[in-house]
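Under my numbering, think of the first position of the sequence shown as 302, with each following residue one higher. Think of the CB as a built atom: it goes at the ideal place given N, C-alpha and C, for glycine as much as any other residue. These numbers were taken from a predicted model, which means no experiment stands behind them. Heads up: the structure comes next, in structure tokens.
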Amino acid sequence: MFEILKSINWNIVVSILILLALWAANAHIQELPKMIRDMLKQTREYKSNHDLQIESYFRQVSNDELEKLLSKWTYFITDMDNAAKEMDSESGQTKLIELEHKTIMYGSPRTVYALAAMQHSLYSNNSNSYKLMMYMATVACSLKKDFTGYEISPVSLIEIKINDFDDYKKQFVKYYEEIQKEISEAEKAGYVK
């Protein structure tokens with residue numbers, strides 16, 4: 302028996318074993334890109350399906366609420382004088398808090414951020430009435446996109462209501478650009494997804 306083991310050329314045996322190991326490793330390595338591709342595809346499909354389920358749920362549950370919410374924000378733009386008087390009252394403040402609450406519940410991340418930016422501007426006393434109108438129009442337009450998928454410009458929304466819009470157009474466009482820049486920077490920073 303020892304003579305047989307001595308007569309075997311171990312170099313050949315080791316070479317054959319190495320070749321078999323390399324062949325097996327090569328077979329697995331060739332499958333590796335496909336496995337990674339399938340895994341990434343599965344992850345994307347899961348995320349996409351998850352997002353669709355969330356969107357479907359909110360569309361189903363909140364369609365009426367979102368419509369009412371959009372209507373209330375649009376009211377601020379279309380009837381500014383009465384809306385301002387109403388918001389100065391105690392019951393108006395309660396309605397505003399409820400409106401904020403529902404906007405947070407049913408609005409997209411972009412809508413919620415626009416609301417947060419508006420509130421921050423109010424609390425820091427850095428805004429004037431025209432910029433506040435632009436914030437409100439931005440929230441209303443963002444809700445319209447959430448609800449219908451249609452995108453309109455907040456400047457157009459204000460132009461509908463302001464009689465002397467041409468006199469203030471540059472100011473409104475400036476505020477619009479500032480707000481859009483603020484939202485874009487928030488998106489880049491990851492605050493809005």
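#### Entry: Option in 413, 446, 347 and 390 with minimal Cα separation from residue 401
With distances taken between Cα atoms, residue 401 lies closest to 413.
### Task
Look at the alpha carbon of residue 325 and the alpha carbon of residue 313, and state the distance between them as a whole number of angstroms.
Those two C-alpha atoms are separated by around 18 Å.
### Query
residue 439 and residue 398: beta carbons closer than 8 Å?
no
### C-beta contact flag for residue 370 and residue 403 at 8 Å
yes
### Task
Let me know if residue 353 comes out buried or exposed under the rule of 16 or more other beta-carbons within 10 Å of its beta-carbon.
With a 10 Å radius around the Cβ and a threshold of 16 neighbouring Cβ atoms, residue 353 comes out exposed.
### Task
Give the straight-line distance between the Cα atoms of residue 463 and residue 341, rounded to the nearest whole angstrom.
51 Å
### Query
What residues in its chain sit with their C-beta under 6 Å from that of residue 377, if we drop five residues either side in the sequence?
So the list reads 384 and 437, once near-sequence residues are dropped.
### Query
Distance, Cα to Cα, residue 372 vs residue 335?
51 Å
### Query
Can you tell me where the alpha helix (DSSP H) with residue 390 in it begins and where it stops?
It is not in any alpha helix (DSSP H) - residue 390 carries neither H nor E in the DSSP assignment.
### Task
With DSSP collapsed to three states, give me the class of residue 453.
coil
### Task
Taking residue 485 as part of the alpha helix (DSSP H), name the residues at either end of that continuous run.
466-490
### Cβ separation of residue 393 and residue 444, assumed to be a contact under 8 Å, to the nearest whole Å
That pair is no contact at about 20 Å.
### Message
Using only the alpha-carbon positions, how far apart do residue 357 and residue 487 sit?
### Response
Put simply, the backbone Cα of residue 357 is about 26 Å away from that of residue 487.
#### Entry: Terminal residues of the alpha helix (DSSP H) in which residue 422 lies
410-424
### Query
Do residue 459 and residue 448 have their CB atoms nearer than 8 Å?
no
### Query
If you draw a straight line from the C-alpha of residue 411 to the C-alpha of residue 426, how long is it?
23 Å
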